[in-house]
């Protein structure tokens, strides 16, 4: 339950919008977050939890086009956050020090700086492992 509680805190702190089911963070607070998480935990233990479809919205881009965005339900975001908290430390231990994509505390700017450093050393070959 601790993992789900921590996941809930992270999701609630983000103040995200409702998914396809229309359920909001405030709805879950009104229902009782502890009760909601106990029920979610039971679904996971009983293997009756199912992922919902995402709500599709379109965000305008500067060029006039639109970028599609999928918004998961709050429940799915809680489960995703819980899974992330379990698997991230496992995989993080195996990543190379020069790997930057989708990693905590790493950015595209840091990756660019690392590339610049290697170019300044005269390295010009790239090997994708």
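In our numbering, the protein residues as written are 1452 to 1580.
All residues carry an ideal CB built from backbone N, CA and C; glycine is no exception.
These numbers come from a predicted model, not from an experiment.
Task: Cβ-Cβ distance between residue 1507 and residue 1519 below 8 Å - done: Locating residue 1507 in the chain shown gives position 56, counting from the first residue. Locating residue 1519 in the chain shown gives position 68, counting from the first residue. In contact: residue 1507 and residue 1519 (Cβ atoms closer than 8 Å).
- [ ] Closer than 6 Å by C-beta to residue 1500: which residues in its own chain qualify, once you throw out the five before and the five after it? Chain order, please.
- [x] Here the question's residue 1500 lines up with position 49 in the chain shown. These residues qualify, in order along the chain: 1494.
Task: For residue 1563 and residue 1534, the rounded distance between their alpha carbons - done: As a working mapping, residue 1534 is identified with position 83 in the chain shown. As a working mapping, residue 1563 is identified with position 112 in the chain shown. In a straight line, the C-alpha of residue 1534 is about 29 Å away from that of residue 1563.
Open item on the list: Using the Cβ count rule (16 or more neighbours within 10 Å means buried), how would you classify residue 1515?
Closed with: In the chain shown, counting from the first residue as 1, residue 1515 sits at position 64. Classification of residue 1515: exposed, given that the 10 Å Cβ count is below 16.
Open item on the list: Can you confirm whether residue 1464, when its beta carbon is compared against all beta carbons of chain C, has any partner nearer than 8 Å?
Closed with: The displayed structure is made up of one protein chain only, and chain C is not part of it.
- [ ] Would you identify the three-state DSSP class for residue 1540, choosing helix, strand or coil?
- [x] Locating residue 1540 in the chain shown gives position 89, counting from the first residue. Residue 1540: helix per DSSP, three-state reduction.
Open item on the list: In the DSSP output, what is residue 1510 paired with across the bridge?
Closed with: Sequence index remark: in the chain shown, residue 1510 carries index 59 (1-based). Note: residue 1510 sits in a beta bridge opposite 1518.
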